[in-house]
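Using our numbering, the first residue of the sequence shown is number 345, and each one after it goes up by one. Here's the structure, in structure tokens; my notes come after.
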Amino acid sequence: MSFASINVDSPSKIVTSHNELQCTLQQHTTIKLANGRAVATSTLIGISGDGGKYWLFMDTSNKNMSAIRTVMPNLSTAIVIPPQQEPVFYSF
């Protein structure tokens with residue numbers, strides 16, 4: 345198994361909460377396997393405390409909103425995390 349690529353979609357609408365800019369992005373990770381490849385999609389939360397100059401990202405894979413809010417208590421209620429998707433497998 346090896347990583348073939350990681351692609352990120354355009355960010356969602358950026359919202360402001362507690363002097364932070366916040367958004368989500370969909371990340372698509374392609375993994376090479378012996379008999380094909382798998383593509384896993386996950387959601388990242390982006391947070392910037394300096395008006396967008398620097399961003400920090402958290403992968404929400406296998407985390408529920410309670411766990412996310414424990415780590416990110418200032419997370420806006422406008423931030424929506426879609427349900428986790430199962431990886432898609434492609435055979436050679």
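Even for Gly, the Cβ is constructed at its ideal location relative to N, Cα and C.
Asked, Found
"Based on the DSSP secondary-structure assignment, which residues constitute the bridge partners of residue 411?", "In DSSP, residue 411 forms no bridge with anything."
"For residue 433, which residues from the same chain have a beta carbon less than 7 Å from its beta carbon, with the 5 sequence-adjacent residues on both sides left out?", "380, 382"
"With a Cβ-Cβ cutoff of 8 Å, do residue 390 and residue 367 count as a contact?", "yes"
"If you follow the beta strand (DSSP E) that residue 382 is part of, which residue opens it and which one closes it?", "380–392"
"For residue 410 and residue 349, what's the separation of their Cα atoms in angstroms?", "30 Å"
"Check residue 365 in the structure and name its three-state DSSP category.", "strand"
"Could you have a look at residue 406 and say whether DSSP puts it in helix, strand or coil?", "coil"
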